[in-house]
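Trainee: Encoded as structure tokens, here's the structure I'll be asking about.
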Amino acid sequence: MKKIGIIGSGIVAKTLGDGFIKHGHEVMLGSRTASKIQPWKEHAGDKAHIGTPAEAAKFGDIVVLAVKGSAAAEVIEEAGPQNMRIKTVIDTTNPIADAAPENGVLKFFTNNDESLMERLQTQFPEIHFVKAFNSIGAPLMVNPSMKEKPSMFICGNNENAKKEVTDILDTFGWEIEDMGKDTAARAIEPLCMLWCIPGMLNGQWSHAFKLMRK
Ligand SMILES: NC(=O)c1ccc[n+]([C@@H]2O[C@H](COP(=O)([O-])OP(=O)(O)OC[C@H]3O[C@@H](n4cnc5c(N)ncnc54)[C@H](OP(=O)(O)O)[C@@H]3O)[C@@H](O)[C@H]2O)c1
455 MKKIGIIGSG IVAKTLGDGF IKHGHEVMLG SRTASKIQPW KEHAGDKAHI GTPAEAAKFG
515 DIVVLAVKGS AAAEVIEEAG PQNMRIKTVI DTTNPIADAA PENGVLKFFT NNDESLMERL
575 QTQFPEIHFV KAFNSIGAPL MVNPSMKEKP SMFICGNNEN AKKEVTDILD TFGWEIEDMG
635 KDTAARAIEP LCMLWCIPGM LNGQWSHAFK LMRK
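Going by our numbering, the sequence shown opens with residue 455, and the numbers climb by one from there.
Right, here's the structure in full:
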């Protein structure tokens, strides 16, 4: 059993919160506005706690960052980078711009030669970021019911942190595809664009990626 601090109050934070509790962990969700997460605590049981982003960051042996991409750096500053120092931080965020999608394709505020996670890793070098969960819809994040085991693409600079995330993803029903250092987030973050296109164009949101091998 681990203590998981989740910074966020949206669907990703609550879904992963439920998932970690289902798998025996203790969870604190952190938001600037307690009323956004109070209802979650009421249904999630004894192992569910709520607090501020700083309290959730401090609580977690592992921290999950589940906030709007454009606010991610600001949120980490507010939560206190020292509260996440040398901890594994699972980065679920995507650099989605405020501009409307074009033909179902989301706009990003990053370009092909950078990623949000690299920006965060550079700004907060003592945090062990691991990208995960960014290119799958929240309802499918925990033990998705699929014909085959889907792939979760992860990356990050710290091997121990990736091992911790790999163990979690394994219990959450994923095949783990480690794509290497934080640079690989340049390829993993845009998978979110691809994942969303069938939803934006045809209302289909029940798919996941799988890396096939011979
Ligand atoms: N929705 C999905 O299915 C899905 C799937 C994969 C990845 N993602 C990614 O996961 C992340 C979370 O997604 P979501 O849909 O759960 O939530 P969201 O609506 O993208 O973000 C909500 C969270 O962002 C924080 N936030 C928003 N604006 C802020 C600001 N200006 N300053 C500080 N905090 C701010 C809020 O904090 P407070 O609680 O303090 O207000 C809240 O916790 C996003 O980066 C998204 O791209 C989403």
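Think of the CB as a built atom: it goes at the ideal place given N, C-alpha and C, for glycine as much as any other residue.
CB-CB under 8 Å to serine 605, same chain, minus the five flanking residues each way: which ones, in chain order?
Mentor: The residue labelled residue 605 in the question sits at position 151 within the sequence shown. Around serine 605: Trp628, Glu629, Ile630, Glu631, Ala662, Phe663, Lys664, Leu665.
Trainee: By DSSP, does valine 521 sit in helix, in strand, or in coil?
Mentor: For the purposes of this step, residue 521 is identified with residue 67 of the sequence shown, where counting begins at 1. Reduced to three states, the DSSP call for valine 521 is coil.
Trainee: For histidine 497, does the count of other Cβ atoms within 10 angstroms reach 16, so buried, or fall short, so exposed?
Mentor: Here residue 497 is taken as the residue at index 43 of the sequence shown, counted from 1. Label assigned to histidine 497: exposed.
Trainee: Note the first and the last residue of the continuous alpha helix (DSSP H) segment covering leucine 648.
Mentor: In the sequence shown, the residue the question calls residue 648 occupies position 194. Start and end: 645-656.
Trainee: Under a Cβ-count criterion, where at least 16 other Cβ atoms within 10 Å of its own Cβ denotes burial, should isoleucine 465 be classed as buried or exposed?
Mentor: Along the sequence shown, one-based indexing puts residue 465 at 11. Exposed.
Trainee: To test your reading of the DSSP string, which unbroken alpha helix (DSSP H) runs of 4 or more residues are found completely within the stretch 582-643?
Mentor: 613-625, 639-642
Trainee: Over what stretch of residues does the alpha helix (DSSP H) that includes methionine 571 continue unbroken?
Mentor: The count along the sequence shown starts at 1 and reaches residue 571 at position 117. Per DSSP, the unbroken alpha helix (DSSP H) holding methionine 571 starts and ends at 570-577.
Trainee: Taking valine 543 as the reference, give the member of Asp472, Thr469, Ile622 with the closest Cα.
Mentor: Translated into the one-based positions of the sequence shown, residue 543 becomes position 89. With distances taken between Cα atoms, valine 543 lies closest to Ile622.
Trainee: Is it true that the stretch 539-554 meets the stretch 571-589, where meeting means three or more beta-carbon pairs spaced less than 8 Å apart?
Mentor: With the cut-off at 8 Å, the stretch 539-554 and the stretch 571-589 touch.
Trainee: With which residues is aspartate 545 paired in a DSSP beta bridge?
Mentor: By 1-based counting over the sequence shown, the position of residue 545 is 91. Aspartate 545 is bridged to Leu519, Lys585.
Trainee: Contact between the stretch 602-617 and the stretch 636-646 is defined here as three or more beta-carbon pairs at a separation below 8 Å; is this criterion met?
Mentor: yes
Trainee: Compare the C-beta of tryptophan 494 with all C-beta atoms of chain C and state if any pair is closer than 8 Å.
Mentor: This model lacks chain C altogether, as it is built from one protein chain only.
Trainee: DSSP has methionine 448 in a bridge; who is on the other side?
Mentor: What is shown of the chain runs 455 to 668, which leaves residue 448 out entirely.
Trainee: Shorter than 7 Å, the distance from the beta carbon of threonine 564 to the closest heavy atom of ligand 1, or not?
Mentor: As a first step, residue 564 must be located in the sequence shown, where it is residue number 110. Because no heavy atom of ligand 1 lies under 7 Å away, the Cβ of threonine 564 does not count as near it: no.
Trainee: Look at the Cβ atom of phenylalanine 583, then the Cβ atom of aspartate 636, and state whether they are nearer than 8 Å.
Mentor: By one-based count along the sequence shown, residue 583 stands at place 129. By one-based count along the sequence shown, residue 636 stands at place 182. Yes, the pair counts as a contact, with Cβ atoms nearer than the cut-off.
Trainee: For isoleucine 458, is the classification buried or exposed, using 16 other Cβ atoms within 10 angstroms of its Cβ as the cut-off for buried?
Mentor: Taking the first residue of the sequence shown as 1, we reach residue 458 at position 4. Flag for isoleucine 458 reads buried.
Trainee: In this structure, how does DSSP classify phenylalanine 474 when only helix, strand and coil are distinguished?
Mentor: Here the question's residue 474 lines up with position 20 in the sequence shown. Phenylalanine 474 falls in the helix class under three-state DSSP.
Trainee: Go to alanine 527, then tell me how far its alpha helix (DSSP H) extends in each direction, as first and last residue.
Mentor: For the purposes of this step, residue 527 is identified with residue 73 of the sequence shown, where counting begins at 1. 526-533 is the extent of the alpha helix (DSSP H) around alanine 527.
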